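Q: Mind the numbering: the first sequence is residues 9 to 526 in our numbering, read in order. Just so you know, even glycine gets a beta-carbon here, dropped at the ideal spot from N, CA and C. Here the structure is a predicted model, which means the values were calculated and not measured.
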Amino acid sequence: MTDTVSERPKGIPEDLKEVRVRFAPSPTGSLHIGGARLVMYNVLFAHGQAPREGKTGKFILRIEDTDRKRLIEGSVENLMDGLRWLGLEWDEGPDVGGPYAPYVQSERKHSYAEVAERLVENGHAYRCFCTPERLQAVREEKQKNKLPPGYDRHCRNLSAEEVQAKLDAGETHVIRFKMPLDGETVVPDLLRGNIVYQNDTLEDLVILKTDGYPTYHLAVVVDDHEMDITHVTRGPEWIPTAPLHVQLYKALGWDLPIFAHMPLILSPNGGKLSKRHGGVSLNDFREAGYLPEALLNYFALLGWSLDGKTEIYSFDDLLKHFRLENVSPSPSTFDRQKLDWLNQQWINHHLAVEDLAKRVLPWLMKDGVIEQGPEDETHPRYAEVLKLTGLLKDRIHFLTDAPDLMSYFLVDELPDYDSALLVPKKVEPAQALAALEAFAAKLPEMDLADLDGTEATMRSMAEELGMKPGQFFMPVRVAATGRTQSPGLFETLEAVGKDRLMERLGIAVGKLHALANN
RNA sequence: GCCCCCAUAGUCUAGCGGCCCAGGACGUCACCCUUUCAAGGUGAAGAUCGCGGGUUCGAAUCCCGCUGGGGGUACCA
């Protein structure tokens, strides 16, 4: 599609009709958030930027399972589930099919072997019979002599007879690509401009393995070409092998796609983000109570920016503004605190209460705070949960916080709590007791739905008892909830309800008596 | 070791030759609001734009070198 990239390249060439991008993970485990971010960039590019620039755009999911030894059962399902949870959909893929099916590399094996054979016949590749042991020895030798490592091209110049003899003898072999020995290979990168490699520093990498499966290098090039991929997006770890890919395209006479190596996500201590920094797989975040909205918002902020000022983006906002060529090429450190802040922002201020309430339901059920039921408004306690969500949402930072925060409203019996909590600082136990008894006596005639009325009543009771309002309120709060922190007292009392409140006041009074007798 | 990429506050970023002795956000600190805890509001500290050379009337912005960080160096992706 392009041979060179100018200083500030456009992501989508004028003459292109359809943008086709793909995410091609290998099913070897759970989806890393770096991968999830890459998928988001792809979707935004294909479904947002492409239409904005008058093109059609397709995002394809393709599974690269050519390393048969590392396959992990269930990875593909897990991956698809995670992406759909994020709201990222693909137009073509293993489960949804499409005009370029199959979308699983192991099912496309024939193409790769054919291409590899063609390259051997062309003189662009050769059969290599070297044993792993010999390769190991060569590598060590080169290392020791401080030479560039890599294969010594031992089999590159075997004669046709020698090759035939080895084949007849049944020796196994791989196919290696013949890199040019001099000159340079240019890798045009959308984010970085031209990356230039001196060919004499490059090596002849394996493209077809002994087991007949291609390596990544052959497989991507063939698949990307066959699937008419226009933009190759992937992690930066592929930059060093990109010259091989460029040479493969050339040897096969195929147009080059546009390469866009995306930036890496670093762990706070430098280096790749790893498990020890509190989870790196999408599942970890999902289980920790993060919202897809917050994750997508954070991914966008990490390495990209609309104007340097806007912080909160919905996925729709991103579709309207994201540009692939504006992604920064520099790696960025994963900042858990900023993600947490975004998650909280979304929960506290940007999600509709009804929406939040539905998302909270499964967590409440999981913790047994409410009974099992549907995860939507048909759950018998939805109305109650909706009301509590409105009351408590500003205190929820993660969905996982909800069960604990809501439990004292939803459960009839409070778990036992420390009697000392009933007695605020600078207040005598006897005073706290008097406050609770006075309040319990008054409660039957109060209308808790009248918040202002409750407040007025309670303030005058405090005055009569010679207590500051706060000193009077705290014992009541603790009696009602079993803890010192809650939403506004009057709303809290109303939500707890008069009957349960009477009962809980009784328990608290008992506790204070016991405290006094000690 | 060799090859490659990257470089604005602790972190994410704005900046594309004069509007910048550098703007926004997270985090930190202070104050305000207040019945607790959040949420919210206001403000502060924090960057000699990694260092050194150029180019230019003028550079965070362009060029070169260095340093630092990162990636790759497999019949793994």
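#1: Under the DSSP definition of a beta bridge, which residues are partnered with G101?
#2: How about the region 122-129 and the region 62-78: do they share at least three Cβ pairs that are nearer than 8 Å?
#3: Where does K217 sit, in a helix, a strand or coil, going by DSSP?
#4: Please give the ranges of any beta strand (DSSP E) in the region 440-512, keeping only runs that are unbroken, at least 3 residues long and fully inside the region.
#5: Just to confirm before moving on: does the CB-CB distance between K280 and Y306 stay below 8 Å?
#6: Give a yes or no on whether the C-beta atoms belonging to A443 and V431 are separated by under 8 Å.
#7: When DSSP labels each residue in this structure, what does I41 get in the three-state scheme?
#8: Using CA atoms only, rank isn't needed, just tell me which of P35, R45 and G82 is closest to D73.
#9: Considering only the beta carbon of each residue, do K18 and E333 sit closer than 8 Å?
#10: Is it buried or exposed, M270, if we count other Cβ atoms within 10 angstroms and call 16 or more buried?
#11: How many Å lie between R30 and L456 at the Cα?
#12: Compare the beta carbon distance of L327 and H55 with 8 Å and say whether it is the shorter of the two.
#13: Grab the span of the alpha helix (DSSP H) containing K66 for me, first residue to last.
#14: So, does the region 424-438 touch the region 370-385, judging by three or more C-beta pairs under 8 Å?
#15: By how many angstroms is the C-alpha of V146 removed from the C-alpha of E170?
#16: Which same chain residues end up closer than 7 Å to G95 when comparing Cβ atoms and leaving out the 5 residues on each side of it in sequence?
#17: In three-state terms, what does DSSP make of I266?
#18: Count the other CB atoms within 10 Å of the CB of P222; is the residue buried (16 or more) or exposed (fewer)?
#19: In chain order, what residues of the same chain lie with their CB nearer than 6 Å to the CB of P483, ignoring the 5 residues before and after it?
#20: So for R200, helix, strand or coil by DSSP?
#21: Can you list, in chain order, the residues of its chain whose CB lies under 8 Å from that of D232, leaving out five sequence neighbours each side?
#22: Measure from the alpha carbon of L350 to the alpha carbon of each residue in Y321, P437, T341 and P157, then state which is nearest.
#23: Does DSSP put P339 in a helix, in a strand, or in coil?
#24: Under a Cβ-count criterion, where at least 16 other Cβ atoms within 10 Å of its own Cβ denotes burial, should R28 be classed as buried or exposed?
#25: Consult DSSP for V13 and reduce its assignment to one of helix, strand or coil.
#26: Over the uninterrupted beta strand (DSSP E) stretch that includes R28, give me the two end residues.
#27: Look up A133 in the DSSP assignment and give the residues it is bridged to.
#28: May I ask you to report which of helix, strand or coil DSSP gives E22?
#29: Leaving out five residues on either side along the sequence, give the residues of the same chain with a beta carbon under 8 Å from the beta carbon of K66.
#30: Starting from R529 and walking both ways along the beta strand (DSSP E), at which residues does that stretch end?
#31: Counting beta carbon pairs with one atom in the region 102-119 and one in the region 136-146, are three or more of them shorter than 8 Å?
#32: Alpha carbon to alpha carbon, how far is G62 from A268?
#33: As a quick exercise: from E179, A177 and F185, pick the residue whose alpha carbon is nearest that of N130.
#34: Which of helix, strand or coil does DSSP assign to T397?
#35: Which residues in the same chain as V84 place their Cβ atom closer than 8 Å to its Cβ, once the five residues preceding and following it in sequence are excluded?
#36: To the nearest angstrom, how far is the alpha carbon of E97 from that of G297?
A: Checking against the coordinates, here is how it stands:
#1: In the DSSP assignment, G101 forms a beta bridge with G105.
#2: Fewer than three Cβ pairs drawn from the region 122-129 and the region 62-78 lie within less than 8 Å of each other, which leaves the two stretches out of contact.
#3: coil
#4: The qualifying runs do not exist here; there are none.
#5: no
#6: no
#7: helix
#8: P35
#9: yes
#10: buried
#11: 58 Å
#12: yes
#13: Counting along the chain, K66 falls outside any alpha helix (DSSP H), though it belongs to the beta strand (DSSP E) covering T64 to L69.
#14: no
#15: 21 Å
#16: P300 and F323
#17: The answer is strand: DSSP assigns I266 an E or B state.
#18: It counts as buried.
#19: L430, A440, A443 and L444
#20: In the three-state scheme derived from DSSP, where H, G and I count as helix and E and B as strand, R200 is classed as coil.
#21: R30, V240 and P265
#22: Y321
#23: coil
#24: Looking at its Cβ environment, which holds 16 or more other Cβ atoms inside 10 Å, R28 is buried.
#25: Reliability fails at V13, whose pLDDT of 32 lies under 50, so the model's placement of it is uncertain and the value that follows must be treated cautiously. Coil, per DSSP.
#26: Unbroken beta strand (DSSP E) run through R28: E26 to F31.
#27: Its beta-bridge partners are F185.
#28: If DSSP states are grouped into helix, strand and coil, E22 belongs with coil.
#29: E26, V27, R28, V29, A54, D99 and E100
#30: It is not possible to answer for residue 529, since the shown part of the chain is limited to 9 through 526.
#31: no
#32: 21 Å
#33: F185
#34: helix
#35: P35, I71 and P102
#36: 22 Å
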